[in-house]
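There are 6 protein chains.
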Amino acid sequence: MKVSVFRKEHFNSAHRLYNKDWDEETNARVFGKCSNPNYHGHNYDIIVKVTGEIDSRTGYVIDMKELSTLIKEEILQAFDHKNLNLDTEEFKDLIPTAENIAVVSYNKLRKRLDEKFDLKIKLYETERNFVEYPVS
Amino acid sequence: MKVSVFRKEHFNSAHRLYNKDWDEETNARVFGKCSNPNYHGHNYDIIVKVTGEIDSRTGYVIDMKELSTLIKEEILQAFDHKNLNLDTEEFKDLIPTAENIAVVSYNKLRKRLDEKFDLKIKLYETERNFVEYPVS
Amino acid sequence: MKVSVFRKEHFNSAHRLYNKDWDEETNARVFGKCSNPNYHGHNYDIIVKVTGEIDSRTGYVIDMKELSTLIKEEILQAFDHKNLNLDTEEFKDLIPTAENIAVVSYNKLRKRLDEKFDLKIKLYETERNFVEYPVS
Amino acid sequence: MKVSVFRKEHFNSAHRLYNKDWDEETNARVFGKCSNPNYHGHNYDIIVKVTGEIDSRTGYVIDMKELSTLIKEEILQAFDHKNLNLDTEEFKDLIPTAENIAVVSYNKLRKRLDEKFDLKIKLYETERNFVEYPVS
Amino acid sequence: MKVSVFRKEHFNSAHRLYNKDWDEETNARVFGKCSNPNYHGHNYDIIVKVTGEIDSRTGYVIDMKELSTLIKEEILQAFDHKNLNLDTEEFKDLIPTAENIAVVSYNKLRKRLDEKFDLKIKLYETERNFVEYPVS
Amino acid sequence: MKVSVFRKEHFNSAHRLYNKDWDEETNARVFGKCSNPNYHGHNYDIIVKVTGEIDSRTGYVIDMKELSTLIKEEILQAFDHKNLNLDTEEFKDLIPTAENIAVVSYNKLRKRLDEKFDLKIKLYETERNFVEYPVS
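Chains as they are written, first to last, in numbering that gives the first Met the number 0: chain A, 0 to 135; chain B, 0 to 135; chain C, 0 to 135; chain D, 0 to 135; chain E, 0 to 135; chain F, 0 to 135.
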């Protein structure tokens with residue numbers, strides 16, 4: 000009996016969309032105000048979806064407290080109240096778009112999550128802009 | 000022309016996570032405060048997804064009023080303002096986790112819904128913890 | 000590296016559910032108050048999901064500003080602050096149910112969107128009634 | 000011991016902003032797309048605030064079921080799935096702006112509500128545009 | 000320079016509306032399904048409003064972390080994952096309506112909060128039913 | 000006939016809580032992770048409340064399009080996709096807490112808004128932390 004469970008957490012970060020191979024002018028043209036040199040920021044909501052069998056002893060797919068702790072250790076500790084461009088290893092050479100944050104978050108959680116579970120990430124940059132990885 | 004339609008309803012219930020095969024101590028260790036002996040409760044949101052062909056005469060996959068009535072008869076009448084552990088047949092021998100409530104809700108609706116429709120349940124226990132069944 | 004990106008926009012329209020092949024009485028019986036002869040209306044939320052490869056130069060699947068502009072040109076310009084039955088070509092002979100609005104919106108956007116992208120529409124008529132096309 | 004209680008209900012209506020003393024051109028200039036001759040519409044949320052003493056026998060200021068019924072009888076029955084300009088007495092000679100809908104709703108409820116209660120209306124035309132009457 | 004600051008927290012509790020001076024029949028008639036003998040439950044949202052002068056050294060009226068801790072110590076520790084009727088001193092002889100929970104929460108926080116601050120409580124029992132104390 | 004009208008807008012900014020009269024250590028102790036030297040950020044929601052008489056010719060207190068334009072000119076142009084500490088005059092010598100952003104926003108809008116209107120600002124830094132100025 001497979002069920003998907005979802006846990007929502009949030010973090011607040013500064014970032015700037017900036018391609019190091021381009022000059023400031025090209026970055027400004029491509030990314031517009033999202034490339035403001037002194038950064039801007041977001042309240043990110045991350046929804047982690049874990050799919051697996053219900054354990055009949057607990058009625059759980061996975062203990063939500065453990066899942067919440069895992070997200071806090073891997074994602075919030077790395078990104079919350081940080082400047083994604085300056086304060087993280089992950090985005091030193093990777094543009095911190097919502098797409099890339101979702102892929103990076105997936106990879107960080109995938110390493111820690113038991114192989115028997117499927118994993119999917121939904122990341123809200125704003126209420127109107129959000130992304131999902133992997134695709135279904 | 001297949002389309003999925005969604006109807007959201009809600010119900011308020013008390014429950015306790017408790018495995019009858021374990022003593023109180025084990026239940027407390029595994030389920031934490033969710034096993035409080037005198038129960039706690041939630042505002043549950045249930046989103047019922049029905050997939051089928053658009054009827055060209057009505058432009059509907061299914062009449063949302065009928066779907067709403069069906070959810071009220073099968074789910075709200077059984078669970079709303081009830082103690083899931085004490086007041087329902089369904090959770091007499093089944094731990095009322097979000098996962099199990101979703102599976103039970105699916106089975107109750109599946110029996111009543113025409114076979115031509117696909118059915119999926121999303122159940123929110125809180126804004127931050129929710130589940131989906133069957134998996135996609 | 001495929002990712003899905005989502006953009007939410009909204010529009011406010013009047014409509015009436017009405018099948019021209021039926022008399023007023025049949026329309027009233029089938030559609031209830033949704034067939035009120037003088038129309039009623041909704042705040043529609045449309046969520047457009049675009050799936051494709053991340054462009055490594057931008058970190059984008061698609062520029063959200065371009066996607067937003069596309070939705071405004073194709074959907075909001077056609078439907079916002081309009082009477083769907085009287086003011087649009089699309090619903091001259093098609094009942095403007097949420098199902099049909101989603102299919103029509105998909106077709107309008109599909110023509111304008113690069114073939115390399117997958118497209119899916121979620122349309123909220125109210126917070127409790129919404130639809131998705133195509134189905135997954 | 001005075002407490003304020005709030006009950007939220009919603010209704011879906013078509014309307015048009017139109018001043019009968021002006022020609023179409025002036026209406027279009029002043030009200031823009033909100034004056035579309037064939038109407039547009041909204042999902043209105045109404046929050047009714049009632050302030051009074053807690054009844055020590057019930058712990059209630061007012062029975063929320065009674066308050067909900069009152070709102071349904073006075074507001075939803077009059078406005079839900081209606082064209083405010085054409086189908087209602089209240090807006091025959093009054094422009095159905097959010098401001099006027101709030102004042103009219105207040106007057107309709109005030110007549111039915113016991114004088115011992117204070118009453119205030121918050122009306123959401125969209126998530127981003129809303130009004131309150133009377134002012135505090 | 001006085002500003003109001005708001006902090007939202009939530010807790011999940013079981014309760015039953017029941018007046019000990021009445022028999023079961025009267026309770027059922029007055030409180031309906033809210034008096035279900037085996038309890039039901041809610042996800043409560045509590046918004047605590049504190050009004051005071053901005054401290055020019057910090058730009059804060061009050062440190063939100065301290066306010067959050069205070070709410071957790073006084074409200075969540077007492078009510079979260081509890082049966083309000085059975086597990087709390089506060090509602091041993093007081094019906095746990097939203098009105099009374101708000102007043103009790105106010106009194107618990109008022110004792111702990113510096114006198115220089117004004118305090119107000121908004122308590123959501125559901126998205127559609129909520130209360131405020133004291134009144135403005 | 001006085002009514003209050005509300006308009007919600009949003010902006011995304013980076014900021015850092017930092018008192019220039021203190022060393023880094025004191026800032027870190029007082030402001031915690033909110034003082035991260037490389038900044039973090041938020042999606043701010045601002046709700047502007049304007050109170051005045053209904054103009055009987057329009058049914059408006061104020062044209063919401065004009066109010067929206069005013070907020071965009073005064074607040075979004077100054078703060079959206081900016082670093083509040085580095086990119087703005089307003090917070091050069093003022094700590095950009097939610098409290099101070101609300102007061103500054105009030106002062107900027109007050110200058111532009113006709114004296115006949117009352118003005119109040121609600122500013123959401125996160126869904127759980129928000130402020131209001133002036134106080135009621």
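Idealized CB from N, CA, C, for every residue including glycine. Computed from a predicted structure; not experimentally measured.
Please report the residue range of the alpha helix (DSSP H) in which residue i lies.
| i | result |
| --- | --- |
| E:Tyr-105 | 97–111 |
| D:Asn-11 | It is not in any alpha helix (DSSP H) - D:Asn-11 instead sits in the beta strand (DSSP E) that spans 1–14. |
| F:Val-60 | Premise fails: F:Val-60 is in no alpha helix (DSSP H) and is neither H nor E. |
| D:Thr-25 | 23–30 |
| A:Leu-83 | 83–86 |
In or out: residue i buried (at least 16 other Cβ within 10 Å) or exposed?
| i | result |
| --- | --- |
| B:Arg-28 | exposed |
| D:Thr-50 | buried |
| E:Ser-34 | buried |
| D:Ser-104 | buried |
| E:Ser-55 | exposed |
| B:Val-81 | Val is not the amino acid found at residue 81 of chain B; the sequence shown has Lys there. Buried, since its Cβ has 16 or more Cβ neighbours within 10 Å. |
| E:Ser-12 | buried |
| F:Glu-72 | exposed |
| F:Lys-107 | buried |
| B:Glu-131 | buried |
| C:Glu-24 | exposed |
Just the C-alpha distance for residue i and residue j, rounded to the nearest angstrom, thanks.
| i | j | result |
| --- | --- | --- |
| B:Arg-15 | B:Glu-88 | 15 Å |
| B:Tyr-43 | E:Gly-40 | 10 Å |
| B:Ala-101 | A:Tyr-59 | 12 Å |
| F:Tyr-17 | B:Phe-90 | 54 Å |
| D:Phe-136 | C:Met-63 | Past the boundaries of the shown model lies residue 136 of chain D; chain D is included only from 0 to 135, so the question cannot be answered. |
| E:Glu-52 | A:Asn-26 | 43 Å |
| A:Pro-133 | A:Ile-120 | 7 Å |
| A:Ser-3 | E:Val-47 | 34 Å |
| A:Lys-115 | A:Ile-74 | 21 Å |
| E:Ile-45 | D:Asp-92 | 42 Å |
| E:Glu-126 | D:Lys-7 | 8 Å |
| E:Asn-37 | D:Phe-30 | 55 Å |
| B:Leu-137 | B:Phe-10 | Since the first and last residues shown for chain B are 0 and 135, residue 137 of chain B lies out of range. |
| C:Ile-61 | C:Ser-135 | 22 Å |
| D:Phe-78 | E:Asp-22 | 41 Å |
| F:Ser-20 | E:Thr-57 | Going by the sequence as given, residue 20 of chain F is Asp instead of Ser. In a straight line, the C-alpha of F:Asp-20 is about 11 Å away from that of E:Thr-57. |
| F:Lys-1 | A:Lys-32 | 39 Å |
| C:Asp-139 | C:Gln-76 | Since the displayed chain C opens at 0 and closes at 135, residue 139 of chain C lies outside it and no answer follows. |
| C:Phe-5 | E:Phe-5 | 31 Å |
| A:Glu-124 | F:Glu-124 | 14 Å |
Kindly list, in the order they appear in chain D, the residues whose Cβ is closer than 8 Å to that of residue i.
| i | result |
| --- | --- |
| C:Ser-12 | His-39, Gly-40 |
| C:Leu-85 | Asn-37 |
| E:Ile-74 | In chain order: nothing, as chain D lies at least about 17 Å away. |
Which bits of chain B does residue i rub up against, with CB to CB less than 8 Å?
| i | result |
| --- | --- |
| C:Gly-31 | Lys-64 |
Along the chain, where does the beta strand (DSSP E) containing residue i start, and where does it finish?
| i | result |
| --- | --- |
| C:Leu-136 | Residue 136 of chain C is absent from the model: chain C starts at 0 and stops at 135. |
| D:Glu-131 | 128–132 |
| A:Thr-50 | 39–52 |
Could you tell me which chain E residues have their CB closer than 9 Å to the CB of residue i, listed as they occur along the chain?
| i | result |
| --- | --- |
| B:Asn-82 | Ala-13, Asn-35, Pro-36, Asn-37, Tyr-38, His-39, Gly-40 |
| D:Arg-56 | Asn-18, Asp-20, Trp-21, Val-29, Ile-94 |
Going along chain B, which residues have a C-beta under 7 Å from residue i?
| i | result |
| --- | --- |
| C:Arg-127 | Arg-6, Lys-7 |
By the criterion of Cβ-Cβ separation under 7 Å, what are the contact partners of residue i in chain A?
| i | result |
| --- | --- |
| B:Ala-101 | Val-2 |
For a contact meaning CB atoms closer than 9 Å, what does residue i contact in chain A?
| i | result |
| --- | --- |
| B:Glu-131 | Val-2, Ser-3, Val-4, Phe-5, Lys-48, Thr-50 |
Shorter than 6 Å, the distance from the beta carbon of residue i to the closest heavy atom of the ligand COA, or not?
| i | result |
| --- | --- |
| D:Asn-11 | The ligand COA is absent from the structure shown, which contains no ligands of any kind. |
Just checking: is the beta-carbon of residue i within a distance shorter than 7 Å of some beta-carbon in chain H?
| i | result |
| --- | --- |
| F:Tyr-59 | Any reference to chain H falls outside this structure, whose protein chains are A, B, C, D, E and F. |
Could you work out which residues of chain F lie near residue i, taking near to mean beta carbons separated by less than 7 Å?
| i | result |
| --- | --- |
| E:Ser-135 | Ser-135 |
Residue i versus chain C: which residues are under 8 Å apart at the beta carbon?
| i | result |
| --- | --- |
| A:Glu-98 | Val-2, Val-4, Ile-53, Gly-58, Tyr-59, Val-60 |
Could you check whether the stretch 79–87 of chain D touches the stretch 104–124 of chain D, counting it as contact only if at least three pairs of C-beta atoms, one from each stretch, sit closer than 8 Å?
no
Answer yes if the stretch 63–70 of chain E comes into contact with the stretch 86–106 of chain D, meaning at least three C-beta pairs across the two stretches below 8 Å, and no otherwise.
Fewer than three beta-carbon pairs drawn from the stretch 86–106 of chain D and the stretch 63–70 of chain E are found closer than 8 Å, and the two stretches are therefore not classed as touching.
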